[in-house]
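Structure first, commentary second.
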Amino acid sequence: MPVSVVTLKEPVFLETVTKSTQTKRRSDEQRWRKLMGSAQAGNELDYRQLLSELTDVIYNFLRSRFGNHHFTEDCVQETLIAIHQARHTYDQSRPFRPWLFAIVRHKAIDTLRKQSTRQKMTRQYRGEQEILSQTNAQSEAESEMISGRLLDSLSEEYRDVLVLTKIIGFSVAETAAKLGISQSLVKVRVHRAIRKLSRLMEAEQS
Numbered sequence: 008m009p010v011s012v013v014t015l016k017e018p019v020f021l022e023t024v025t026k027s028t029q030t031k032r033r034s035d036e037q038r039w040r041k042l043m044g045s046a047q048a049g050n051e052l053d054y055r056q057l058l059s060e061l062t063d064v065i066y067n068f069l070r071s072r073f074g075n076h077h078f079t080e081d082c083v084q085e086t087l088i089a090i091h092q093a094r095h096t097y098d099q100s101r102p103f104r105p106w107l108f109a110i111v112r113h114k115a116i117d118t119l120r121k122q123s124t125r126q127k128m129t130r131q132y133r134g135e136q137e138i139l140s141q142t143n144a145q146s147e148a149e150s151e152m153i154s155g156r157l158l159d160s161l162s163e164e165y166r167d168v169l170v171l172t173k174i175i176g177f178s179v180a181e182t183a184a185k186l187g188i189s190q191s192l193v194k195v196r197v198h199r200a201i202r203k204l205s206r207l208m209e210a211e212q213s
């Protein structure tokens, strides 16, 4: 699904290479290739060892470039999932590091785009508060519930349909097309999202 929220400049992934860095890279490369080969053969202990080592490497790499702890943690988790899903594609005859950092780069850019989309939706929501408040009584009640803080408490699938239908003003059909789901599923998610917001609001007032 295309995203035309903001123009993102792809991060440049460059590393300062020293003699000690080169030595460590060669050592890591040999160990990671061996661990991945063992993992592909079904060795769970070696696979867990590999993921443990890669977690620190990926985190330090991203944190040094983006700084934001929460973004880095989200990106690390997404990258580890992608590694797990793609582990069978690694060719043991080829270097491991380029394969690894191709995944890291892809997930970093993907995470940046997701965050910019969410921020854009939040800005659109705030700009339409006044319009929403002038609709019928039911819409007013929904508008009161859909505050930025409460909205953040919803899962991404519920938050997206609610923002698109109740805030941006998309029809059910438009929302379904944008999210790539059925219209009936859009209606179900909207209903469940509003019901959850209602419970949260009642809990705050009690």
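With the first letter of the sequence shown counted as 1, position 197 gets the number 204 in the numbering used here; the numbers rise by one all the way through. All residues carry an ideal CB built from backbone N, CA and C; glycine is no exception.
Among the residues of its own chain, which have a CB less than 6 Å from the CB of residue i, if the five just before and after it don't count?
i, result
"Tyr165", "Arg196 and Ala200"
"Phe68", "none"
"Val83", "Ile65 and Tyr66"
"Phe177", "Leu171"
With a threshold of 16 other CB atoms inside 10 Å of the CB of residue i, please say whether the residue is buried or exposed.
i, result
"Asp159", "exposed"
"Leu171", "buried"
"Ile90", "buried"
"Thr30", "exposed"
"Leu52", "exposed"
"Thr182", "buried"
Pick from the options: whose alpha carbon is nearest that of residue i?
i, options, result
"Asp98", "Ser45, Leu119 and Lys194", "Ser45"
"Phe73", "Phe177, Ser205, Leu119 and Leu204", "Leu119"
"Met208", "Leu161, Gln84 and Ile116", "Leu161"
"Glu80", "His95, Thr62 and Ala93", "Thr62"
"Glu163", "Lys121, Leu58 and Ile116", "Lys121"
To which residues of the same chain is residue i closer than 7 Å at the C-beta, ignoring the five residues directly before and after it?
i, result
"Asn75", "none"
"Thr86", "Ile65, Ile110, Val111 and Lys114"
"Lys194", "Val179"
inquiry  = Between the stretch 33-43 and the stretch 93-105, can you find at least three pairs of beta-carbon atoms closer than 8 Å?
reply    = With a cut-off of 8 Å, the stretch 33-43 and the stretch 93-105 count as touching, because enough Cβ pairs lie within range.
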